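Working notes for the structure below.
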Amino acid sequence: MKQRETHAPWTPPVNLVLVGCGAVARTYYLPALERLFAGGWLGATRTFDPNPTRASEIASQLPAASIAESWDDVLEGPDELAIVASPPAAHADQVRALLEHGKHVLCEKPFTLDREAGERLVGLARERGLLCAAGMVRRFSRSACLMRQLLSEERPTRVVWREGSPFRWPVDSTAYFAPEAGNQLIWDVGSHVVDALVWWLGVPHEVSCRDDAMGGTAANCVIALEWPDGCSADVRLSREYDLAGGLVVEGRSGVNACRDLTEAGVFRNSTEAAPDFEQAIPGADAPAGRDFADCFELQLQNVVAAVRGAAPLWVPAEDVLDGVGTLARAQAESRLLESPWLGRDELETARALRARVEAVASR
Amino acid sequence: MRVAVIGANGFIGSRLVEQWHLEGRADVVPIVRRPEAAAPALRFELGCRVADALDERELARALDGCDAVVHAAAGPRRLVTQSPACVARAAARAGTGVVIYLSSMAVHGWHAAPGTDEKSPLARRHSLPYDRWKVLGEKALRRTCLETGTRFVILRPGIVYGPRSQWTAAFAQSVVQGRAYVVAGGRGVCNAIYVDNLVHAVGLALDRQEAVGETFLVSDDEAITWQMLYEPVCRALGQCWDAVADLDPRTPRRTSRERLLELKENPAARRVLARAPRALRNSARRLAAAGEAGLPPSPPLETSLLQTCDYRFPTTKARRVLGFEPPVPFDEACRRTVEWLGFAGFPVDASTQEAA
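Protein chains in written order, with my numbering: chain A, 1 to 363; chain B, 1001 to 1356.
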């Protein structure tokens, strides 16, 4: 396996524009971009946000960075690569416009909120000869890659996945939770979880979902998946409770488990894989990331290298479409996850509130 | 009636928002300190407002148009001691009709003298910092309301349990981890109140004119011990009560966390700690938390005091003035609590759940 390059092995560096300067840009992109700039991977960087103050905040912390004054300025600018880190509901339109203006794109998860929109974007990128990458940081983690290898060697019989904690993501306003913003739990953490399952096991033929949204955005949800060979997955996600347990995969020859795909190792029948194990990214002669920050940086490095033609894209958008389609099916079929502590009258109102939302959605 | 709930993301606040919205009891306005804390309340189509309970001006803006405010926020010393007065001033500024403040029976201490009730003077000295903070907070609220002419009602619940309660969740967690314990066999008086019964008392406090300016002790109907509270949790998690360690109450000790809190009671120590780098403070907190792992050789002071309580606080005044009759009996409260444990991801045995 090749060692990771700390400095870009080519010149000139790639110029990019960061679209959307909210929490994910501040928390994850900013430090990763700083490191990539220091390593000579990136040249001029521009930032754009409908709120110019937020764009300035990010730009002021990056070397050689400036602000794109308007969306037209983003589209007409000289940047080769655009990173889309805006609210999910805006992804499809923004990615389409950026591709139409000749820019390579890395779009944060969820790539789109329905499969058809994603397919159109993939087709457009292919037609224009541009790269369109999906931000699926967990696919760069050594534990996720090892789990994929293990599951390709032996199909599991059952997967249980618990992931949740009180929501602490530093959002800018409560508008984040508006259903139309696309930040629902299922598209947030659910994107990572379902993408990983589909990546490892293929597309499930049965999908069902329950969540506790009653006119707003769910704080808890349960997703059940089933594959034609009888393997099933029971996924529980929460923005309210600490759901311990992480991922447990049962198979005929034992149990594989991982508490946190980007931060923890893989346990095989209660024995941890060597703490300093290395695992190659599937299809690439390169080691996967060791922790979240490492995976995030690796993801950006790969996209930048692909723009220069120095590496294949490891997570092209077409690879995540099955996951997007599965999530869209789950959302469309989702029913009320009832809270068992409610009184009778409360439960009736909860069902009525949910029925009203489902009636509006089905129109 | 439009009712603001400060601390809408907390255990009591979130249940109040949920119940009153679903029952149509009031037009509820959740107030949280940070936007991300709105996640549980925004399962519903509600206009959640963001304000710091220690920022009078910001809070007054958040209370705009509200007829009443329920102060259910919990947190560190500064919040507990200073926010009640701040809420009262903000309510006066915003023209909010009445402040319902959730205090605690802890203001009397957990080893109160027989006969203690709402009329009893509040002790200045308590062994536990939280009890002292609550006394300070309550007194500041009363003083500020009198100065500003704000109407108020103070409720003093005991141990509030039920879905989302730390009392329930922390004990359940300890059962799962095999380090559950009680003090003195769990035979002490618990003075418990199911969260829905407390929410019911809040509603009565809002409705009754006679309640204004008054303080009420509130708890469930049943005489509950700690064993009664915790045994259903044990059973639901597949453990028998006998497996829970029984610690001797005669040798209480302060935990690292309690010692840290006690240190912070000293103004000079607070100033020094405030100047310490954040990394150092975080390390101290982590060390304090690490010290709590495993089964303690003797109970923390707070647990020892709480679980050796031998006095059941009276709710006579709440019954007389508010007409308080807890609507959810203890058995049903336990059943709902156990159901919640399963919902919140605890490994509840389905057969036990059905039996409960």
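Here a beta-carbon is modelled for each residue, glycine too, at the ideal position from N, C-alpha and C.
Note that the structure is predicted; figures quoted are calculated from it, not measured.
Excluding its 5 nearest sequence neighbours in each direction, Leu1198 of chain B has C-beta neighbours in its own chain below 6 Å: Pro1157, Val1160, listed in chain order.
C-alpha of Glu1045 of chain B to C-alpha of Ile1031 of chain B: approximately 14 Å in a straight line.
For the pair Thr112 of chain A and Leu1237 of chain B, the Cα-to-Cα distance works out to about 41 Å.
By the neighbour-count criterion, in which 16 or more other beta carbons inside 10 Å mark a residue as buried, Trp71 of chain A falls on the exposed side. The criterion of a C-beta distance shorter than 8 Å is not satisfied by Cys132 of chain A and Val159 of chain A. Rounded to whole angstroms, the gap between the alpha carbons of Val1212 of chain B and Leu1102 of chain B is 14 Å. Val171 of chain A has a beta carbon lying within less than 8 Å of a beta carbon in chain B. Around the beta carbon of Val320 of chain A, 16 or more other beta carbons sit within 10 angstroms, so the residue counts as buried. Beta-bridge partners assigned by DSSP to Ala1068 of chain B: B:Val1003, B:Val1098.
With a threshold of 16 other beta carbon atoms within 10 Å, Pro204 of chain A meets it and is buried.
Rounded to the nearest angstrom, the Cβ distance from Leu201 of chain A to Cys231 of chain A is 6 Å, consistent with a contact under 8 Å.
From the listed residues A:Thr326, A:Asn302, A:Gly309, the smallest Cα separation to Val315 of chain A is found for A:Asn302. Closest in C-alpha terms to Gln1082 of chain B, from the list B:Arg1132, B:Glu1222, B:Gly1185, comes B:Arg1132.
From the beta-carbon of Glu1222 of chain B, no residue of chain A is found nearer than 8 Å; the closest lies around 19 Å away. Assignment of Pro1157 of chain B by DSSP, reduced to helix, strand and coil, places it in the strand class. A contact between stretches requires three or more CB pairs, one per stretch, nearer than 8 Å, and the region 232-251 of chain A meets this requirement with the region 147-164 of chain A. Among the residues facing chain B, Asp234 of chain A is not included, as its CB has no counterpart in that chain under 8 Å away. By alpha-carbon distance to Leu298 of chain A, the top candidate from A:Val249, A:Leu336, A:Met136 is A:Met136. Around the CB of His1200 of chain B, 16 or more other CB atoms lie within 10 Å, so the residue is classed as buried. In this structure Val1244 of chain B touches Tyr1181 of chain B by the C-beta definition: roughly 6 Å separates them, less than 8 Å. Taking a cut-off of 8 Å for Cβ pairs, the region 112-124 of chain A and the region 38-54 of chain A do not touch, as fewer than three such pairs fall below it. Chain-order list of chain B residues neighbouring Ser339 of chain A: Phe1343, by C-beta distance under 7 Å. In chain order, Ser339, Pro340, Trp341 make up the part of chain A whose C-beta sits under 9 Å from the C-beta of Trp1340 of chain B. Between Val1050 of chain B and Arg1061 of chain B, the gap from beta carbon to beta carbon reaches 8 Å or more.
Leaving aside the five residues that flank Gly245 of chain A on each side, the residues in its chain whose CB is nearer than 6 Å to its CB run, in chain order, Arg162. Collapsing the DSSP output to three states places Arg35 of chain A in a helix. Only Arg236, Ser238, Arg239, Glu240, Tyr241, Asp242, Leu243, Ala244, Gly245 from the region 235-247 of chain A bring a Cβ to less than 9 Å from some Cβ of chain B. In this structure Val122 of chain A is not in contact with Val307 of chain A, their Cβ atoms being roughly 17 Å apart against a cut-off of 8 Å. Exclusion of the five residues before and after Thr1303 of chain B leaves Val1183 as the residues of its chain whose Cβ lies within less than 7 Å of its Cβ.
In this structure, the alpha-carbon of Gln1177 of chain B lies about 15 Å from that of Leu1341 of chain B. When only Cα atoms are considered, Ile83 of chain A and Leu18 of chain A end up about 5 Å apart. With a contact defined as Cβ atoms closer than 8 Å, Leu1054 of chain B and Arg1078 of chain B qualify at about 7 Å. For His1108 of chain B, the three-state secondary structure derived from DSSP is helix. When DSSP states are grouped into helix, strand and coil, Trp1133 of chain B belongs to the helix group. Judged by DSSP in its simplified three-state form, Trp71 of chain A adopts helix. The three-state secondary structure of Asn15 of chain A, taken from DSSP, is strand.
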